[in-house]
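These protein sequence lines map, in sequence, to chains H and D.
Using our numbering, read the first sequence as starting at 67 and increasing by one per residue.
Using our numbering, read the second sequence as starting at -11 and increasing by one per residue.
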Amino acid sequence: MSQPSKVYGLLAEFETPAGVYHACETVRDAGYTRWDSLTPFPVHGLDKAMGLKRSPLPWVTLVMGLTGASSAMALQWWVGAIEYKMVISGKPLFAWQPSIPITFELGVIFAVFGTLFGLLHLCRLPRFHHPLFSSARFDRVTDDRFFIAIESDDPKYDPIATRSLLESAGASAVELVEDRDEG
Amino acid sequence: MSSHEHTASLLDQVARPATGYDPVGGRDPLVTDRADFASITNDVCGVIERKPPVGWWVFFLISLGLLGLLGLSLAVLVYEGTGVWGINSPVGWGWAIVNFVFWVGIGHAGTLISAVLFLFRQKWRTGINRFAEAMTIFAVVCALLFPTIHVGRIWLLHYVFPIPNQMGAWPNFRSPLLWDVFAVSIYGTTSILFWYIGLIPDLATMRDRAKSKIAQRVYGAFALGWRGSTRHWQHYEVAYLLLAGLATPLVLSVHSIVSFDFAVSQLPGWHTTIFPPYFVAGAIFSGFAMVMNLVILARWAFKLEHIFTMKHLENMARVILLTGSMVGYAYAMEFFIAWYSGNPNESFAFINRAFGNYAWAYWIMMSCNVISPQIFWFKKARNNVFILFVVSVFVNIGMWFERFVITVTSLSRDFLPASWDYYSPTIWDISTFLGSFGLFGTLMCLFIRFVPQIAIAEIKTVLPAADPHGDPAAHKSHGTVEGAH
Chain H
67 MSQPSKVYGL
77 LAEFETPAGV
87 YHACETVRDA
97 GYTRWDSLTP
107 FPVHGLDKAM
117 GLKRSPLPWV
127 TLVMGLTGAS
137 SAMALQWWVG
147 AIEYKMVISG
157 KPLFAWQPSI
167 PITFELGVIF
177 AVFGTLFGLL
187 HLCRLPRFHH
197 PLFSSARFDR
207 VTDDRFFIAI
217 ESDDPKYDPI
227 ATRSLLESAG
237 ASAVELVEDR
247 DEG
Chain D
-11 MSSHEHTASL
-1 LDQVARPATG
9 YDPVGGRDPL
19 VTDRADFASI
29 TNDVCGVIER
39 KPPVGWWVFF
49 LISLGLLGLL
59 GLSLAVLVYE
69 GTGVWGINSP
79 VGWGWAIVNF
89 VFWVGIGHAG
99 TLISAVLFLF
109 RQKWRTGINR
119 FAEAMTIFAV
129 VCALLFPTIH
139 VGRIWLLHYV
149 FPIPNQMGAW
159 PNFRSPLLWD
169 VFAVSIYGTT
179 SILFWYIGLI
189 PDLATMRDRA
199 KSKIAQRVYG
209 AFALGWRGST
219 RHWQHYEVAY
229 LLLAGLATPL
239 VLSVHSIVSF
249 DFAVSQLPGW
259 HTTIFPPYFV
269 AGAIFSGFAM
279 VMNLVILARW
289 AFKLEHIFTM
299 KHLENMARVI
309 LLTGSMVGYA
319 YAMEFFIAWY
329 SGNPNESFAF
339 INRAFGNYAW
349 AYWIMMSCNV
359 ISPQIFWFKK
369 ARNNVFILFV
379 VSVFVNIGMW
389 FERFVITVTS
399 LSRDFLPASW
409 DYYSPTIWDI
419 STFLGSFGLF
429 GTLMCLFIRF
439 VPQIAIAEIK
449 TVLPAADPHG
459 DPAAHKSHGT
469 VEGAH
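Now the structure itself:
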């Protein structure tokens, strides 16, 4: 059952947004790829300091919104003009003008759900177990501490060189994190 | 509390950012008194972790009592039918619709503060957005209750949705009443999701601070395993912006569509094109007044004056003044158009409103909505918590009467004098309305008790120390002292 524990990587703690920001630039410039920074709030510009690409989420929202709007228009046309023809106050069976409110509303709700599920998918959440949660220090990531985690399967990872890189980048503490239950 | 004092005394040693350092360019700081990440977390989470103050129990028990009254009123309604209400012919829309429009109007402020002010980069929204969003959701819950029960046979409610059924019948998509079903339910859903996505990082904070296993599990489950990864924050911030962009036209559409319930009909007094913008302005007006009342109570009960600052209250007072004046303009314009149209029915409807059998309601509306907020022209009044509270109560009373005036006066005096009648509520109308405050209050009390009422992660971003390019000296000394404990 219990496998020998594997090293997840190194976790470095920083005390200020500025500290983690400059350290991210250092790690990025050193050429690491499998690493992350973890902060209590979105530190302005940190994604750029890490060299991340833009989020593709708006495309998901757009496609879902258009799907919702066109489905709504199609539903109202099919019900009014095909399936359930009923003349009310002499109005046409289908017209686009009175169909706008529901078209808009359904477009919005599809886009909202698309954004929610797109966000969860891009973040690979929910994920309740993560090696980093085993670090007691890491509890403060949702309070007032800033972290950088470099994974051991990064091609440039080296137990000694990576640790000294993080320390020289201003980390107040660096610790080894083990990966207990995932292979 | 000891941890609180501990933090406070620590903070005294912490080198604070230079006085007058300003996160939003030349204006007052958004968080006064202390400026530190840990103290924000402690102050906000402490409200949940400490025992609730006596005031909370008082509000909660009163709300629970009223919620019981709501349960009783609904049981009587379902058992007896809508005949227990005061509705008659021709006034088929009584308090149920008045209350619906009242609550859905209140439910606009949250999204307006969260989404519209977010898009306009009004950073002062950060202190109050969570609270206002929660209020929005609970107000929409109360709003949805009334159309649900006013159909009479609520076991047939599913006919309002386009669901294939045994009769092969479909709803009428050309009716504004159906647009309303979509608009309000979608607005409610969007508000809940927007609120929840904003909550995820703060639920993770609660998880990481939780002492009991149950709290850790429950907060942990809702936090979805959030760990503050920048790769996540990047998508998260885009998602938040997108949702704000979607919620902004949505919030404007909802009360417009509610106003179509009236405006698309042919009744004098209802059939006017001014209704959508006028309803939206009224919704913002009443919503901000309700937020004002609740925020004043919460900052007093939980000692959060440094986060819900006077700046927030003053800004809300300005919005109330602006939207109140817009509503006043709309009242005047309705009268002008009634005269200018030369339509005798239209003119009669408006003269009847002001001087007819419901003149008392009309003048309550006018004095509460148009006259009382004018006091906010004075800075002294905008900075006096008592005046802010009282005027906000007046605004909510006035806005309830506005919906009453619109709904009832036009119906009670329709085209045929032989069918005219006077409408007055019964005890069950009144108990259902009071009961809806119980539902609202209970949900609000539970929210304050179990959910961070201030967006912790977000408010940290407006602290001076959050800027990675800020004054490095301030950061360094801040870090050293913090690191010592």
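Beta carbons are placed, not taken as given, at the ideal position from N, Cα and C, and that holds for glycine.
If you're wondering where the values come from, they're calculated on a predicted model, not measured in any experiment.
Starting from residue i, trace the beta strand (DSSP E) in both directions and tell me its first and last residue.
{"i": "Lys114 (chain H)", "result": "From DSSP, Lys114 (chain H) is part of no beta strand (DSSP E) but of the alpha helix (DSSP H) over Leu112 to Met116."}
{"i": "Val240 (chain H)", "result": "Ala239 to Asp245"}
{"i": "Phe428 (chain D)", "result": "Not the beta strand (DSSP E): Phe428 (chain D) falls in the alpha helix (DSSP H), residues Ile415 to Phe438."}
{"i": "Thr74 (chain H)", "result": "The identity of residue 74 (chain H) in the sequence shown is Tyr, whereas the question assumes Thr. Taken as a continuous stretch (DSSP letters only), the beta strand (DSSP E) holding Tyr74 (chain H) covers Lys72 to Phe80."}
{"i": "Leu309 (chain D)", "result": "Element bounds for Leu309 (chain D): not the beta strand (DSSP E) but the alpha helix (DSSP H), Met298 to Tyr328."}
{"i": "Asp31 (chain D)", "result": "Careful: Asp31 (chain D) lies outside any beta strand (DSSP E), inside the alpha helix (DSSP H) at Phe25 to Glu37."}
{"i": "Trp101 (chain H)", "result": "Trp101 to Leu104"}
Does the distance from the C-beta atom of residue i to that of residue j stay below 8 Å?
{"i": "Leu186 (chain H)", "j": "Val243 (chain H)", "result": "no"}
{"i": "Phe161 (chain D)", "j": "Ile168 (chain H)", "result": "yes"}
{"i": "Leu104 (chain H)", "j": "Phe213 (chain H)", "result": "yes"}
{"i": "Tyr175 (chain D)", "j": "Leu191 (chain D)", "result": "no"}
{"i": "Met387 (chain D)", "j": "Phe263 (chain D)", "result": "no"}
{"i": "Ser355 (chain D)", "j": "Val383 (chain D)", "result": "no"}
{"i": "Leu238 (chain D)", "j": "Thr178 (chain D)", "result": "yes"}
{"i": "Leu123 (chain H)", "j": "Val279 (chain D)", "result": "no"}
{"i": "Gly95 (chain D)", "j": "Ala131 (chain D)", "result": "yes"}
{"i": "Val89 (chain D)", "j": "Val246 (chain D)", "result": "yes"}
{"i": "Trp81 (chain D)", "j": "Leu399 (chain D)", "result": "yes"}
{"i": "Gly401 (chain D)", "j": "Trp44 (chain D)", "result": "In the sequence as presented, Gly is not what sits at residue 401 (chain D); that position holds Arg. Result no, Cβ atoms of Arg401 (chain D) and Trp44 (chain D) do not sit closer than 8 Å."}
{"i": "Pro164 (chain D)", "j": "Val148 (chain D)", "result": "no"}
{"i": "Leu54 (chain D)", "j": "Phe296 (chain D)", "result": "no"}
{"i": "Phe182 (chain D)", "j": "Ser102 (chain D)", "result": "yes"}
{"i": "Pro189 (chain D)", "j": "Tyr87 (chain H)", "result": "no"}
{"i": "Lys222 (chain H)", "j": "Ala96 (chain H)", "result": "yes"}
Which first and last residues belong to the alpha helix (DSSP H) in which residue i is found?
{"i": "Asp475 (chain D)", "result": "There is no way to answer for residue 475 (chain D), as the model of chain D reaches only from -11 to 473."}
{"i": "Leu404 (chain D)", "result": "Where Leu404 (chain D) is concerned, there is no enclosing alpha helix (DSSP H), given that its DSSP letter is neither H nor E."}
{"i": "Ser247 (chain D)", "result": "Thr218 to Ala251"}
{"i": "Ser136 (chain H)", "result": "Leu123 to Trp143"}
{"i": "Glu293 (chain D)", "result": "No alpha helix (DSSP H) contains Glu293 (chain D), which DSSP labels as neither H nor E."}
{"i": "Ile168 (chain H)", "result": "Ile166 to Cys189"}
{"i": "Gly203 (chain D)", "result": "The sequence given here has Ala at residue 203 (chain D), not Gly. Lys201 to Ala211 is the extent of the alpha helix (DSSP H) around Ala203 (chain D)."}
{"i": "Ala271 (chain H)", "result": "Absent from the model: residue 271 (chain H). The displayed extent of chain H is 67 to 249, so no value can be given."}
{"i": "Asp95 (chain H)", "result": "Pro83 to Asp95"}
{"i": "Leu232 (chain H)", "result": "Pro225 to Ser234"}
{"i": "Ile447 (chain D)", "result": "Ile444 to Thr449"}
How many angstroms separate the CA atom of residue i from the CA atom of residue j?
{"i": "Pro106 (chain H)", "j": "Ala454 (chain D)", "result": "10 Å"}
{"i": "Ile28 (chain D)", "j": "Leu188 (chain H)", "result": "29 Å"}
{"i": "Leu118 (chain H)", "j": "Arg94 (chain H)", "result": "10 Å"}
{"i": "Arg120 (chain H)", "j": "Tyr98 (chain H)", "result": "19 Å"}
{"i": "Glu446 (chain D)", "j": "Ala84 (chain H)", "result": "17 Å"}
{"i": "Cys479 (chain D)", "j": "Ile36 (chain D)", "result": "Summary: the structure shown does not reach residue 479 (chain D), with chain D confined to residues -11 through 473, and so no result is reported for it."}
{"i": "Asp113 (chain H)", "j": "Leu182 (chain H)", "result": "21 Å"}
{"i": "Ala115 (chain H)", "j": "Ala235 (chain H)", "result": "14 Å"}
{"i": "Ser200 (chain D)", "j": "Ala209 (chain D)", "result": "14 Å"}
{"i": "Val240 (chain H)", "j": "Ser230 (chain H)", "result": "9 Å"}
{"i": "Gly115 (chain D)", "j": "Pro440 (chain D)", "result": "12 Å"}
{"i": "Ser238 (chain H)", "j": "Glu81 (chain H)", "result": "7 Å"}
{"i": "Asp245 (chain H)", "j": "Gly270 (chain D)", "result": "56 Å"}
{"i": "Phe160 (chain H)", "j": "Gly429 (chain D)", "result": "44 Å"}
{"i": "Trp83 (chain D)", "j": "Val72 (chain D)", "result": "12 Å"}
{"i": "Gly156 (chain H)", "j": "Thr193 (chain D)", "result": "59 Å"}
{"i": "Glu390 (chain D)", "j": "Gln110 (chain D)", "result": "30 Å"}
{"i": "Gly233 (chain D)", "j": "Phe179 (chain H)", "result": "14 Å"}
{"i": "Ile418 (chain D)", "j": "Pro405 (chain D)", "result": "28 Å"}
{"i": "Val109 (chain H)", "j": "Val66 (chain D)", "result": "54 Å"}
{"i": "Pro59 (chain H)", "j": "Pro452 (chain D)", "result": "No statement about residue 59 (chain H) is possible, as the shown extent of chain H runs from 67 to 249 and does not include it."}
{"i": "Ala277 (chain D)", "j": "Lys39 (chain D)", "result": "29 Å"}
Subject >> Minimum length 4: unbroken alpha helix (DSSP H) runs contained in the segment 338 to 390 of chain D >> reply: 347 to 354 and 367 to 370
Original post:
Is the segment 138 to 146 of chain D in contact with the segment 128 to 148 of chain H, if contact means three or more CB pairs nearer than 8 Å?
Top reply: no
**OP:** Write down every uninterrupted run of the alpha helix (DSSP H) in the segment 66 to 119 of chain D whose length is 4 residues or greater and which is fully enclosed by it, in chain order.
**Re:** 83 to 94
Original post:
Given 8 Å as the limit, is there contact between the segment 371 to 378 of chain D and the segment 320 to 340 of chain D, that is, 3 or more CB pairs closer than that?
Top reply: no
Original post:
Do the segment 395 to 409 of chain D and the segment 307 to 322 of chain D meet, that is, are 3 or more Cβ pairs less than 8 Å apart?
Top reply: no
Original post:
Do the segment 168 to 180 of chain H and the segment 164 to 174 of chain D make contact, defined as three or more Cβ pairs closer than 8 Å?
Top reply: yes
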